[in-house]
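Student: With my numbering, the residue at position 101 of the sequence shown is 105, and numbering never jumps.
Please find one structure pasted underneath; my questions will follow.
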Amino acid sequence: MILPMYLYGQPVLRKTATPISNDYPDLQTLISDMFETMYKSDGIGLAAPQIGLSIRVIVIDASPLADDFPELADSKLTLINPQILAADGDDVTAEEGCLSLPGVHENVTRKNRIHITYFDEQWQAHDELVEGYLARVMQHEYDHLEGHVFTDRISPIRRQLIKGKLTNIAKGKARCSYKTKR
Ligand code: NI
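So this is what it looks like as structure tokens:
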């Protein structure tokens, strides 16, 4: 089932999301709905707050970018209760967008490597060092669980320049090809 996307301005995007327990009701259905919603809107990652649920669940499939980033070929992942324990390596700047901020694309500087732990959809525990573009996607989605969006991380000058766009999104005036929460 395709779920409506919560856009910039919705309070759920500013909350710190809650960890879930392994008896969370209908979790597999939720995960499959999140993938379906992400694919339908041509996203490569989606965090539960973006569909209005303040819980620590993320889906990622960045394989459409595998032509440019070969390490993304097998990047279909579910991250439950992730924890980023460390971020290090080089600072890398690249353009990001977000399904909750349609029409906004800005350069964001992030660390190139993270140490992350999470549970997958089978509740298997993972403890991994992740580098490159996948580390960027994970950090972007993890930010959503902490109540942040990527425009929080751009320069004050850039943020001032896109203020009008953000206000329009918050007012429901954004042009969007997918279903959004009103
Ligand atoms: Ni996002």
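We put the beta carbon where it would ideally sit given N, CA and C, even for glycine.
Comparing the CB of C102 with every heavy atom of the ligand NI, is any distance shorter than 6 Å?
Tutor: Because some heavy atom of the ligand NI lies under 6 Å away, the Cβ of C102 counts as near it: yes.
Student: Look up M38 in the DSSP assignment and say whether it is helix, strand or coil.
Tutor: Of the three classes helix, strand and coil, the one that applies to M38 here is helix, per DSSP.
Student: Any chance you could list the alpha helix (DSSP H) runs of at least 4 consecutive residues sitting entirely within the region 29–84, in chain order?
Tutor: Runs found: 31–44.
Student: With a Cβ-Cβ cutoff of 7 Å, do P15 and K183 count as a contact?
Tutor: Contact flag unset, no.
Student: Please report the distance separating the alpha-carbon of Y10 from that of P29.
Tutor: Going by the C-alpha atoms only, they are around 22 Å apart.
Student: Compute every distance between the C-beta of P106 and the non-hydrogen atoms of the ligand FMN, then say whether any falls below 6 Å.
Tutor: Ligands displayed in this structure: the ligand NI; the ligand FMN is not among them.
Student: Less than 6 Å between C-beta atoms, sequence neighbours within five positions excluded: which residues of the same chain meet that for W127?
Tutor: For W127, where only same-chain residues beyond five positions count, the Cβ hits under 6 Å are N26.
Student: Under three-state DSSP, which class holds N26?
Tutor: If DSSP states are grouped into helix, strand and coil, N26 belongs with coil.
Student: How about E99 and R162: are their beta carbons less than 7 Å apart?
Tutor: Against a cut-off of 7 Å, the Cβ pair of R162 and E99 comes out as no contact.
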